[in-house]
Amino acid sequence: MKYTKTLSYLLVILLVSCTKVLIGDEGKFDEELYLNYRTKTDLELPFEEEWYISVGGRTHLEGGHHFITRGSGQRYAYDIGIVMDGSGYSGDGSRNEDHYCFGKRLNAPGDGKIIALENNIDDNHTPGTVNGNINDGNLAGNYIMIDHLNGEFSLMAHFKKGTIIVSVGDTVVKGQEVGKAGNSGNSTGPHLHYHLQNTPEYLDGIGLPAQFTGYFADDELLERGEPLRGERVRKN
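According to my numbering, the stretch in the sequence shown is residues 61 to 296, in order.
Laid out in structure tokens, this is it:
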């Protein structure tokens with residue numbers, strides 16, 4: 061769940077030999093099972109404006125979560141931020157507020173019901189450094205889990221502390237504001253972590269491919285697709 065230039069550079073160096081390998085050397089049955097999976101939920105990009113896919117796709121190179129795949133639900137996860145002029149932040153980026161996506165509106169990607177959330181975890185004080193109290197129980201930081209009532213569940217993570225404006229039990233509709241982007245949990249910079257999984261449990265399950273409808277990828281309008289690392293994406 062990391063969004064930094066350094067991470068992207070390290071992924072290129074460490075994973076270049078795996079660029080044509082599909083997700084994970086473990087759990088190959090899952091890969092075969094979901095290779096042609098068609099998302100049931102009508103999903104739209106969960107933000108306003110144009111954002112940048114720093115992690116996302118089906119190869120090791122594109123997907124930084126492929127090494128924590130099976131059993132955590134993150135197999136097809138996205139890390140998304142805002143990049144301007146080649147950078148995710150202004151100045152030296154030493155403050156959360158320097159990062160263009162920090163505090164930006166986040167929306168429900170699809171209709172459903174809020175079944176779990178956390179809203180009281182401090183944002184990491186300094187981008188690039190995770191607060192000392194982060195542990196296995198709060199890796200997602202402030203998050204919401206949406207039950208789409210069809211066997212698919214969306215997890216959105218790393219919200220800014222105290223900005224989630226929905227409650228457990230609430231029904232949400234696609235495009236409804238749910239909170240603000242932050243830097244809480246296991247995060248080295250403000251960004252949105254998003255993934256779709258097949259169970260309602262927190263970071264527990266099999267990740268599902270998430271196809272979004274009606275969005276632009278690098279200014280090309282797609283009726284349906286899976287955003288890829290390096291693309292600039294925005295809603296139609």
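Note that CB positions come from ideal geometry on N, CA and C, so glycine has one too.
Assuming Ile204 contacts Val233 (C-beta within less than 8 Å), just tell me the rounded distance between them.
Here residue 204 refers to the residue found at position 144 of the sequence shown. Here residue 233 refers to the residue found at position 173 of the sequence shown. In fact, because the Cβ distance is near 14 Å, the residues do not count as touching under 8 Å.
So which of Phe213, Glu110 and Gly163 has the shortest CA-CA distance to Tyr262?
The count along the sequence shown starts at 1 and reaches residue 262 at position 202. Ranking the options by Cα distance to Tyr262, first place goes to Phe213.
Based on Cα-Cα distance, which residue from Asp102, Asn96, Gly116 and Glu104 lies nearest to Pro287?
Residue mapping note: residue 287 aligns to position 227 of the sequence shown, counting from 1. Residue Gly116 is the option with its Cα nearest to Pro287.
Distance check for Gly229 and Arg289, CA to CA, integer angstroms please.
As a working note, residue 289 is residue 229 in the sequence shown. As a working note, residue 229 is residue 169 in the sequence shown. Straight-line Cα distance between these residues: approximately 33 Å.
Is the CB-CB distance between Gly141 and Tyr94 below 8 Å?
Start at 1 with the first residue of the sequence shown, and residue 141 comes out as number 81. Start at 1 with the first residue of the sequence shown, and residue 94 comes out as number 34. No, they are not a contact pair.
Is the beta carbon of Gly239 sitting closer than 8 Å to the one on Asp183?
For the purposes of this step, residue 239 is taken as residue 179 along the sequence shown, with counting starting at 1. For the purposes of this step, residue 183 is taken as residue 123 along the sequence shown, with counting starting at 1. Cβ distance not < 8 Å, so Gly239 and Asp183 don't count as in contact.
Applying the 10 Å Cβ sphere with the 16-neighbour rule, what's the burial state of Glu178?
In the sequence shown, residue 178 corresponds to position 118, counting from 1. By the Cβ neighbour-count rule, Glu178 is buried, with 16 or more other Cβ atoms within 10 Å of its own.
Please tell me whether Gln271 and Leu166 are closer than 8 Å, where the distance is taken between their beta carbons.
Within the sequence shown, residue 271 is the residue found at index 211, counting from 1. Within the sequence shown, residue 166 is the residue found at index 106, counting from 1. No, Cβ-Cβ distance for Gln271 and Leu166 is not below 8 Å.
Is it buried or exposed for Thr223, if we count other Cβ within 10 angstroms and need 16 for buried?
By one-based count along the sequence shown, residue 223 stands at place 163. Buried, because 16 or more other Cβ atoms sit within 10 Å of the Cβ of Thr223.
Would the region 242 to 262 count as touching the region 272 to 282 if we require 3 or more Cβ pairs under 8 Å?
no
Looking at the structure shown, is Ile73 part of a helix, part of a strand, or coil, going by DSSP?
Within the sequence shown, residue 73 is the residue found at index 13, counting from 1. Here the model assigns Ile73 a pLDDT of 26, short of 50, so the residue's position is not dependable and the matter cannot be decided.
Could you tell me the alpha carbon to alpha carbon distance between Gly163 and Arg98, rounded to whole angstroms?
Residue 163 sits at position 103 when you count from the first residue of the sequence shown. Residue 98 sits at position 38 when you count from the first residue of the sequence shown. Cα to Cα, Gly163 sits roughly 32 Å from Arg98.
Cβ neighbours of Glu109 in the same chain (closer than 8 Å, five flanking residues each side left out):
Taking the first residue of the sequence shown as position 1, residue 109 is located at position 49. Taken in chain order, the residues that qualify are Ile142, Lys164 and Arg294.
Please list the terminal residues of the continuous beta strand (DSSP E) segment that includes Phe272.
On the sequence shown, residue 272 is found 212 positions in, with the first residue counted as 1. Counting along the chain, the beta strand (DSSP E) containing Phe272 begins and ends at Phe272 to Ala277.
Going by the CB atoms, is the gap between Lys173 and Asn202 shorter than 8 Å?
Along the sequence shown, read from residue 1 onward, the residue named residue 202 stands at position 142. Along the sequence shown, read from residue 1 onward, the residue named residue 173 stands at position 113. Against a cut-off of 8 Å, the Cβ pair of Lys173 and Asn202 comes out as no contact.
Terminal residues of the beta strand (DSSP E) in which Leu215 lies
One-based indexing of the sequence shown puts residue 215 at position 155. Residues Phe213 to Phe219.
Look at the alpha carbon of His208 and the alpha carbon of Asp171, and state the distance between them as a whole number of angstroms.
To locate residue 208, count along the sequence shown from 1; it is residue 148. To locate residue 171, count along the sequence shown from 1; it is residue 111. About 6 Å.
Secondary structure, beta strand (DSSP E): runs of 3+ residues fully inside the region 151 to 233:
165 to 167, 172 to 178, 202 to 207 and 213 to 219
Using a Cβ cut-off of 8 Å (strictly closer), state whether His208 contacts chain B.
Looking for chain B here will not work: only one protein chain is present.
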